[in-house]
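J.: Sharing a structure here in structure tokens format.
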Amino acid sequence: MIAPSAAYVAASSILLLIGAPSLPDTLDYARKAALTDSLFSDLATDGSPGCAVGVVQAGELMFGKGYGHGNLDYDVPLNTRSSFYLASVSKQFIGAAVGLLVLDGVLDLDADVRDIVPELPDYGSRITSRHLLHHTSGLRDYLTLFTIAGQSFQDFFDNQDALELIARQKALNFEPGSEFLYSNSGYVLLAEIIERTTGKSLDAFTQARLFQPLGMKDTHWGEDVARVVPGRAVSYQIQDGTAQRFIWNFHAKGDGNLHSTVEDLARWDALFYRTDEPWASLTDLLYTRGTLNDGSEIPYALGLSHGSFEDRPFISHGGGMLGYRTLIQRFPDDRFTSIVLCNLGSANPGLFGRQLSEVWLLEREPTGVPEPATTENPGEDEAPEPAWDPGADELAAYEGTFYSAELDASHAVYVEDGVLKLGEREGQSMELEPREPDVFHRGGGTTFVFVRDGDVVTGFTLDAGRVRGLFFQREDTQ
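Mapping of the sequence shown onto this note's numbering: position 445 corresponds to residue 1603, and the numbering continues sequentially without gaps.
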């Protein structure tokens, strides 16, 4: 084995790193490698962040390469041992940890989670670990709440903060089990459930039961903020043509915050083809889709989502947090997996993953259609055309300071230049576009419905994708 310091530089162009799988015909393999290089050519330049890529056949890495840089300060290139924050790709590892506890007989997926996390309010309906795993709990998404509250990723925030925020919510988005709506809150709670059930930290438990047995030496949960991580890929965005790093102090885990490499994720992929226990039973659990109360099946399993491409079923998950964009996409019938880990916020692993499948699995020129990058926050929705044009006096009725006890946060609503605005952090604001009397909209699919006592506006209810019915009380009417 090459020493890590040497491998970090050398592996940026290495193609075969794990095992010795039989290769396709040399010319055919070279053609595929060249096509892959062309997909990432815009990133393979000086001064650019980029992506580390893996093409895996039955758990063995048959192509792996880095494009761009993991650290621009020191001009360090990306490679298959670069360590990335996986964002929501982390969720399948929570699913696996929960699955092991189920197989151990120490966790009941259908028990009330309040038996383990009593801080969670009693909403009148039982919420189970199964609900949390399948995003059918109805819990509001804590990351959306975090954003609505005006908090910054530069502020310290960990699982205790997330748990307190989730526990302040007085209502659910819907009756548990009645709908499927993605919520990061469920996986933060599952991390808590794992720790309280085992008496160990999340990292200690998964190291002992998952990562060490699978040979994933460079994988860990980001529990120790002072930890030195060799080959860490820094998170970047491009502003005015220049790369800038994201500065953040956000350390919640479970829904994200697993750190890993292309090489280790290839080792993870090998798990899904093992026939020995507990791995075979664990794979069955991880692949099992959830069902709603009416018996209908949803595409989401345990941190993994089912889909298809050109009549080929795949199982995948993507992720995005600040400048990190990630994807693992597996075609189980073909024993084929693509891994794309990027440290650039504008990168699109969904597109790259599809194109890699076209080149390496379907053996054709890439023609994939771009897909939106998977993110932690609700996507942009098209706003309807306004049907109401309020005058200055009508807008003035909505002015005031509004407080949410569920967020422990206030927002000022005011009129500026004939436009109703919502004040945000550090003097920033967002425009509220009128739709109909007492109903306003903003980009990102957020709707504000103001409520009145007679003619006096007393508050508003906010719907924002993964958060429904969040109430803000006007402070001078409390």
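Every residue, glycine too, gets a C-beta built ideally from N, C-alpha and C.
For residue 1377, which residues of its own chain have a beta-carbon under 6 angstroms away from its beta-carbon, when the five flanking residues on both sides are left out?
T.: Contacts found: 1369, 1418 and 1422.
J.: Say whether the region 1400-1409 touches the region 1470-1477, bearing in mind that this needs 3 or more beta-carbon pairs closer than 8 angstroms, one atom from each stretch.
T.: no
J.: Can you give me the Cβ contacts of residue 1345 inside the same chain, cut-off strictly under 6 angstroms, excluding the 5 residues immediately before and after it?
T.: 1249, 1252, 1412 and 1413
J.: Under three-state DSSP, which class holds residue 1315?
T.: strand
J.: In three-state terms, what does DSSP make of residue 1367?
T.: helix
J.: Could you give the C-beta distance for residue 1201 and residue 1208, rounded to a whole number, given that I count them as a contact under 8 angstroms?
T.: 4 angstroms
J.: Where does the unbroken alpha helix (DSSP H) through residue 1451 begin, and where does it stop?
T.: Element bounds for residue 1451: n/a, residue is neither H nor E.
J.: Any contact of the region 1419-1438 with the region 1330-1344, i.e. 3+ C-beta pairs under 8 angstroms?
T.: Three or more beta-carbon pairs separated by less than 8 angstroms are not found between the region 1419-1438 and the region 1330-1344, which leaves the two stretches without contact.
J.: Could you spell out the range, first to last residue, of the alpha helix (DSSP H) harbouring residue 1289?
T.: 1287-1292
J.: Around the C-beta of residue 1235, are 16 or more other C-beta atoms found within 10 angstroms, so that it is buried, or is it exposed?
T.: buried
J.: Measuring straight from C-alpha to C-alpha, what distance separates residue 1506 and residue 1269?
T.: Rounded to whole angstroms, residue 1506 to residue 1269 spans 38 angstroms at the Cα level.
J.: Determine the burial state of residue 1530: buried for a count of at least 16 other Cβ atoms within 10 Å of its Cβ, exposed for fewer.
T.: Here the model assigns residue 1530 a pLDDT of 43, short of 50, so the residue's position is not dependable, and the following value carries that caveat. By the 10 Å Cβ count, residue 1530 comes out exposed.
J.: Just reading off the alpha helix (DSSP H) that residue 1423 is part of, what are its end residues?
T.: Residue range 1420-1429 is occupied by the alpha helix (DSSP H) that includes residue 1423.
J.: I believe residue 1325 touches residue 1277 by the beta-carbon criterion, under 8 angstroms. Please report the beta-carbon distance rounded to the nearest angstrom.
T.: 5 angstroms
J.: Starting from residue 1328, trace the beta strand (DSSP E) in both directions and tell me its first and last residue.
T.: Careful: residue 1328 lies outside any beta strand (DSSP E) and carries neither H nor E.
J.: Mark residue 1194 as exposed unless 16 or more other C-beta atoms lie within 10 angstroms of its C-beta, in which case mark it buried.
T.: By the neighbour-count rule (16 or more Cβ atoms within 10 Å), residue 1194 is buried.
J.: Go ahead and pull the three-state DSSP assignment for residue 1564.
T.: coil
J.: Count the other CB atoms, across all protein chains shown, that sit within 10 Å of the CB of residue 1501; report buried if there are 16 or more and exposed otherwise.
T.: buried
J.: Buried or exposed for residue 1294, going by 16 or more other Cβ atoms inside 10 Å?
T.: Looking at its Cβ environment, which holds 16 or more other Cβ atoms inside 10 Å, residue 1294 is buried.
J.: From residue 1482 to residue 1394, what does the alpha carbon distance come to, in whole angstroms?
T.: 8 angstroms
J.: Would you list the one or two residues that DSSP bridges to residue 1471?
T.: 1466
J.: Per DSSP, what kind of secondary structure is residue 1245 in: helix, strand or coil?
T.: helix
J.: Return helix, strand or coil for residue 1437, following the three-state DSSP convention.
T.: Helix, per DSSP.
J.: Going by other Cβ atoms of all chains shown within 10 Å of its Cβ, with 16 needed for buried, is residue 1364 buried or exposed?
T.: buried
J.: Quick check on residue 1314: buried or exposed, where buried means 16 or more other Cβ atoms within 10 Å of its Cβ?
T.: exposed
J.: Kindly list the residues whose CB is nearer than 7 angstroms to the CB of residue 1583, restricted to its own chain and excluding five residues on each side of it in sequence; keep chain order.
T.: 1308 and 1310
J.: Once you ignore the five residues that flank residue 1566 on each side, which residues in its own chain have a CB closer than 8 angstroms to its CB?
T.: So the list reads 1307 and 1326, once near-sequence residues are dropped.
J.: Can you name the residues that DSSP bridges to residue 1210?
T.: 1224 and 1499
J.: Express the C-alpha separation of residue 1397 and residue 1630 in angstroms, rounding to a whole number.
T.: Approximately 34 angstroms, taken between the alpha carbons.
J.: Quick check on DSSP: helix, strand or coil for residue 1623?
T.: coil
J.: Using the rule of at least 16 other Cβ atoms within 10 Å of the residue's Cβ for burial, across every protein chain shown, is residue 1451 buried or exposed?
T.: exposed
J.: Quick check on this structure: which residue in 1594, 1579, 1580 and 1514 has the alpha carbon closest to the alpha carbon of residue 1187?
T.: 1514
J.: By alpha-carbon positions, which one of 1609, 1189 and 1459 ends up nearest to residue 1632?
T.: 1609
J.: Considering residue 1299, what are the terminal residues of the alpha helix (DSSP H) in which it resides?
T.: Neither: residue 1299 is in no alpha helix (DSSP H) and is coded neither H nor E.
J.: Just how far apart, CA to CA, sit residue 1420 and residue 1230?
T.: 20 angstroms
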